[in-house]
Structures are given as structure tokens and as C-alpha cells.
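Here the sequence shown stands for residues 4 to 337, numbered as in the UniProt record's numbering. Cβ coordinates follow ideal geometry from the N, Cα and C atoms, glycine included. For clarity, every value in this text was computed on a predicted model and none was experimentally measured.
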Amino acid sequence: SDFDSFLTELPKCEHHVHLEGTLSPELLIDLAKRNNIKLPEEHPPTIEALYDRYSKFSCLQDFLDHYYVGMSVLIYEKDFEDLAYNYFVKAHQDGVHHAEVFFDPQAHLERGIKLTDVVSGITKARTRAESDFGITTKLIMCFLRHIPSSDALTTLHAAVPHITTGHITGIGLDSSELGFPPHLFKEAYATARELNLELNYTAHAGEEGDHTYVLGALDDLKVERIDHGIRSADDDATLKRLAANNTLLTVCPMSNLKLRAVKSIGDIPLRKFLEYGVPFSINSDDPAYFGGYILDNYKEVHKHFNFDLATWIKIAENNIHGSWINQDRKDVLL
Ligand code: HPA
Ligand code: ZN
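Here it is, written out as C-alpha cells:
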């Protein structure tokens, strides 16, 4: 439709995509062959079976169990470069001008992969994509909340060389939310802040957890942004605080549907966010697992909300303002 081309052309920024979640069944099977990795039996061995399994996640944890097995095919620097470059190609096709991407260092370190191989592979892909497409990109390392926070600190120290060189510029928090509240990672975030080095801070909160996880991320971790954050809508004071501080929520509609955080994309409280003046962006999260990339997410939102042009333009502006880029780059995108 006409609106599809409007949404394609709309300058988009992606703020919530896990590079490991862009590992398509096709690339997964290719890399398993290339690296001679035998997948465990419960992990389907064919492209079709993988797509079928990915269409039936029951919750965040059910997805994560596949996500961590899937990434076991990522071994060499080149694997990470291929993974990230493929994502940037797709993002560019979808009209993304700026992408801030997550990765999970601990998920690779615990498999004996060197952090340098992971970061340099991703960095090579970023450099190529920036020169091939004019896209700008940032790399955010996430702590895994199901692993004791002492390991997050160890990982942070291991990452210092990559932070110093500017290859990693953000800190995030992801994985299983329920039972792992933000305050567990207070020291890890505080330590990063002491190291400073101009890092930006975000955390997943309010995906399956209630609004107290969002408040915890703001109070204990002092994040500038909240990943997902949809459950903020259950609490008036939380919404008002997000609006007053202009805190961006990085919402992932197809992810919320696939992981059953909502029954329908129409149930995501986007109208409430607009009403309260809480800025949000629309993102793909783990596009290879959830059936669509960022443009698919924009189209799904339009299907369910039928926003007018002015609203879409406002969303696009909020996206740009909420990006971790300097004013010169914002002016180019606006
Ligand atoms: N939530 C938490 N952890 C994750 C996600 C998510 O949506 N994707 C990858 N790791
Ligand atoms: Zn996520």
C-alpha cells in the first residue's frame, strides 16, 4: 500500500536488536556446517523445522533456551562479522539510518570464545556497513541477568580495552527478567560509570516483569533508556516519570506478541504512551526468531493502530532524539 512505502521511507533508528537474535535459520545451518557443530537433539536440524519451532514460543524463557543454543554455531571472528553485516544489509533495506545493536559477551565467553574475536568481527561489519550504506551504528554490551552479577563485573573488566577504543559505547541488561530484578546489577553499572569513558546505559525492564522493574532500572541502574518497558503502562506514576525525564522506551511489538507478553499487538499501550508523552521507538528485538525485521514491526503497528501521518512523524522524531548520536548527526536525520 501507499502507507507501506511511507513507512519504508520514514527515517528509522533501531535501538533494540540483539545481533545473536539476527541469526537466521539459514545462517545457523550454514555456520553449523562450516564450523562442524552438532546441534543438540531438541534443536531442530533443518531450516523448515527451525522456522516451525520459532513460531511456537510460549514465553521469554522458552525463546532464550533456543537463542542460547542457536548462537553456539558462532565461533570465529568471521562468523560474527557475517552475522552483523547480514543484519546491517537488511536494516538498510528496511530504511534504518542509525542502529544501536546489542550483543551478549557472556554467552560467548562462557563457550571459550575470545571477546576480541567477537568485538573485532562486529566492528569490521559496522565499518563496512557504514561505508557501504552511510548507516551509523553503535555497539552495546549486555549483562546476562541469569548469571551472577559477579560475572558481569568480570566481563566489564574484560571489555575495558574495547570500551577504551570506542568499539563498545553502551551497557545493557538482558535475558530472563522475572526473579532477576535490576538492583542485582547495581554494582556492575556503578563500576562502569566509575570507569566512565562516556558510556550510555540502558536495561531490559517491564517486558514480563511489572513496572517495579522499570523503576528499579531507573533508580538502581540510572539508565537513560528502558528496553521494552511496556508494563510501565500499568502505573500512572511510572508513566509520568518516564514522560518528565523524556526516557525512551524501545518497544518490540512482534517480540511481545511471539513471547506472549501481549495477546495482540493492539494491546501494546502505545496510545497511552503517546497520551502521557512517553517517547518510544519500534524495534525488532530478535528478528530471526520472531518472524520479522524492523519494517515488519512498523507495518504491524500501523495495521493495529492506524496512526496518522503526524503521529508517525512524531514517532520518527522521537526515535532520532532518543538515539545516542551527536546533534550534528541528529540534524542530518531530522
Ligand atoms: N528479552 C530479554 N533478553 C533477551 C531478549 C529479550 O527480548 N532478546 C535477547 N535476549
Ligand atoms: Zn531484547
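Remark: the C-beta of Asp68 is outside contact range of the ligand ZN, defined as less than 6 Å to any heavy atom. Membership of Phe106 in the beta strand (DSSP E) is indicated by the continuous run 99 to 106. Contact check for Ile268 against Pro282 fails: the beta carbons are separated by 7 Å or more.
Per the C-alpha coordinates, the member of His46, Ile229, Lys333 positioned closest to Gly212 is Ile229.
The alpha carbon of Phe60 has as its nearest neighbour, out of Asp289, Thr140, Phe136, the alpha carbon of Asp289.
In this structure Leu30 is not in contact with Ala87, their Cβ atoms being roughly 11 Å apart against a cut-off of 8 Å.
Burial of Arg129 is indicated by the presence of at least 16 other C-beta atoms within 10 angstroms of its C-beta. With a cutoff of 6 Å, Ser178 counts as near the ligand HPA, since its C-beta is closer than that to a heavy atom of the ligand.
Cα atoms of Ile174 and Glu103: separation of roughly 11 Å, rounded to the nearest angstrom. Secondary structure at Gly115: coil, using DSSP grouped into helix, strand and coil. Taking the C-beta atoms as reference points, Ile171 is found nearer than 7 Å to Ala162. DSSP links His19 through a beta bridge to no other residue. In terms of Cβ geometry, Tyr296 and Asp107 do not form a close pair [threshold 7 Å].
The criterion of a C-beta distance shorter than 7 Å is satisfied by Cys145 and Phe105.
According to the DSSP assignment, Thr167 belongs to the alpha helix (DSSP H) that extends over 152 to 167. Ile138 places its beta carbon less than 7 Å from that of His95. DSSP places Tyr57 in the uninterrupted alpha helix (DSSP H) bounded by 50 to 57. One Cα belongs to Asn286, the other to Ser8, and the distance between them is close to 18 Å.
Inclusion of Leu26 and Gly73 in the CB contact set at 7 Å is warranted, their separation being smaller than that value.
Annotation: His46 is outside any beta strand (DSSP E) and is labelled neither H nor E by DSSP. Relative to the non-hydrogen atoms of the ligand ZN, the Cβ of Asp288 comes within a distance shorter than 6 Å of at least one. Each of Gly325, Ala246, Lys266, Thr11 was checked against the Cα of Phe276, and the nearest Cα belongs to Ala246. In the displayed model, Ser4 falls within coil according to three-state DSSP, outside both helix and strand. Sequence-distant Cβ neighbours of Ala132 in its own chain, meaning closer than 6 Å and more than five residues away, are Phe91, Ile138. The beta carbons of Ala155 and Ala193 sit no closer together than 7 Å. Within the same chain, Cβ atoms closer than 8 Å to the Cβ of Tyr301 are found at Leu10, Leu13, Lys15, Ile285, the five residues on either side in sequence being excluded.
Distance between Ala208 and Ser258, taken at the CA atoms: about 14 Å. At least one heavy atom of the ligand HPA sits closer than 6 Å to the Cβ of His21. DSSP places Asp237 in no alpha helix (DSSP H); its state is neither H nor E.
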